[in-house]
Structures are given as C-alpha cells and as structure tokens.
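Asks: Residue numbers for the sequence shown follow my numbering, beginning at -4 and rising by one.
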Amino acid sequence: MESDIVVRRARVLRYVLVLAMLAVVVANAWLWWRGAGSYGTGWVSIYSEWPTDLHGHAWVQLLAASLASALLLGGLYRLCRLMRLFEAGEFFSMASTRHLRGFALSLIGAVTVNTLVPPLLMLGLRLAGKTDVQAISLQMDSSDLWTLLVGALFFLITSLMVEARRLADDSAQII
-4 MESDIVVRRA RVLRYVLVLA MLAVVVANAW LWWRGAGSYG TGWVSIYSEW PTDLHGHAWV
56 QLLAASLASA LLLGGLYRLC RLMRLFEAGE FFSMASTRHL RGFALSLIGA VTVNTLVPPL
116 LMLGLRLAGK TDVQAISLQM DSSDLWTLLV GALFFLITSL MVEARRLADD SAQII
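#1: So residue 59 and residue 106 are supposed to be a Cβ contact under 8 Å. How far apart are they, rounded?
#2: Note down the Cα distance separating residue 164 from residue 81, rounded to an integer number of angstroms.
#3: Indicate whether the contact test is met: 3 or more Cβ pairs, each with one atom in the stretch 87 to 99 and one in the stretch 128 to 137, closer than 8 Å.
#4: Leaving aside the five residues before and after residue 74 along the sequence, list all residues of the same chain whose C-beta is less than 6 Å from its C-beta, in chain order.
#5: Measuring alpha carbon to alpha carbon, tell me which of 120, 104 and 87 ends up nearest residue 154.
#6: Inspect the beta-carbon positions of residue 102 and residue 143 and report whether they are closer than 9 Å.
#7: Would residue 64 be called buried (16 or more neighbouring beta carbons within 10 Å of its own) or exposed?
#8: Report the CB separation of residue 198 from residue 18 in whole angstroms; it is logged as a contact under 8 Å.
#9: Tell me where the alpha helix (DSSP H) around residue 85 begins and ends.
#10: Following the continuous alpha helix (DSSP H) through residue 135, name the residue where it begins and the one where it ends.
#11: Quick check on this structure: which residue in 166, 20 and 3 has the alpha carbon closest to the alpha carbon of residue 71?
#12: Along the alpha helix (DSSP H) that carries residue 24, what are the first and last residues, could you check?
#13: Could you give the DSSP three-state label for residue 60: helix, strand or coil?
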C-alpha cells in the first residue's frame, strides 16, 4: 500500500518536472527574443536583470543563462529518469544513485556557469581590445548559495546511498 503512494507521487512529480522543463525552454526562447528587461501582461511575466557592466553586452548574460539552463534541463531530465525508476520500485539501485548524482552536479554546474561565464567572457572582450568594457564583476546572490548547498547535499546523499548499497551487498554475501 505504501509503495503505491510512492509510485503515484513519483508519477505526479515526473509530470511536474516535464512541465518545468518546458517552462525553462519557453523562458529561454523568450529572453533571447526580447533581451533584458521585464515583459508580460497579467499573471505571466519574465524578468531578467543584467549587471550594469553588461548593459552594452546583454548577449553575455543571455549566453550564461542559456548554458545554465541547458545544465538545469539535463538535471531535470535526470530527475525525470529517477522518478521513472521510483515508479518501477527501484529506490536504491545504482541507476537511481547515478541519476540523483547527475541532478546534483547539474545544480552545482548551473550556478558555476552562471557565476563564472559572464566575467570570463567580459575578460576575453577586454583582452581583445574592447574599450567599452570598464568593469568585470563576479556576482552571486543568496539563491545561488542555496542552490549550491542543495546540490552539495544531494551529492552527499548519493555518496551515502552508494555506501549503504555496498554494505547491503556485503551483508547479503555473509548470510
């Protein structure tokens, strides 16, 4: 009975993840089409804000956001695969551990890309002789730190799952 509830929850979460993936794709397409700023009418809007040193080079932030979104899409796909395994009753298999670890690494990678790509591209522009690049800044906000923390926590959980699986296999061999 309890596993039926888990299977239903995993299925619902998988459907929600597919909708989230579609929302990420639509938001990225919208930002590339419209650029920086706030757009929308009524209850649907997309807001993006660039640092002041990127106003002349909005494509830098768009590129960083798109790369981070690609990593997040990969992570959400891995999470969908994990939910599919949960639906099949594979809770602690090596495949489920790999999918959860892939999701954790995608969270960490997305924050890293979003934080490091804009300053590196701006540094490249500055070294290429673009004189309108006056400042290069590295920016992180609290949501980035929380995302890193959650990614690191999921990564730790996968390490614990691998160790638990190893101990269970050792115990099964002894008996």
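The beta-carbon is built from N, C-alpha and C at its ideal position, and this holds for glycine as well.
Replies: Taking the geometry as given:
#1: Looking up residue 59 in the sequence shown gives position 64. Looking up residue 106 in the sequence shown gives position 111. So it is not a contact: roughly 11 Å between Cβ atoms.
#2: If you number the sequence shown from 1, residue 164 lands on position 169. If you number the sequence shown from 1, residue 81 lands on position 86. So the two alpha carbons sit approximately 20 Å from each other.
#3: no
#4: The residue given as residue 74 occupies position 79 in the sequence shown. Closer than 6 Å at the Cβ level, and outside the excluded window around residue 74, lie 12 and 98.
#5: Counted from its first residue, the sequence shown places residue 154 at position 159. Measuring from the Cα of residue 154, the nearest candidate turns out to be 87.
#6: For the purposes of this step, residue 102 is taken as residue 107 along the sequence shown, with counting starting at 1. For the purposes of this step, residue 143 is taken as residue 148 along the sequence shown, with counting starting at 1. Their beta carbons are under 9 Å apart, which means residue 102 touches residue 143 by this criterion.
#7: Here the question's residue 64 lines up with position 69 in the sequence shown. Result: buried.
#8: Here the chain covers residues -4 to 170 and nothing more, so residue 198 does not appear.
#9: The residue labelled residue 85 in the question sits at position 90 within the sequence shown. Per DSSP, residue 85 belongs to no alpha helix (DSSP H) and is neither H nor E.
#10: Here residue 135 is taken as the residue at index 140 of the sequence shown, counted from 1. From DSSP, residue 135 is part of no alpha helix (DSSP H); its letter is neither H nor E.
#11: Residue 71 sits at position 76 when you count from the first residue of the sequence shown. The option with the nearest alpha carbon to residue 71 is 20.
#12: Residue mapping note: residue 24 aligns to position 29 of the sequence shown, counting from 1. Segment -3 to 29, the alpha helix (DSSP H) holding residue 24.
#13: Position 65 of the sequence shown, counted from the first residue, corresponds to residue 60. If DSSP states are grouped into helix, strand and coil, residue 60 belongs with the helices.
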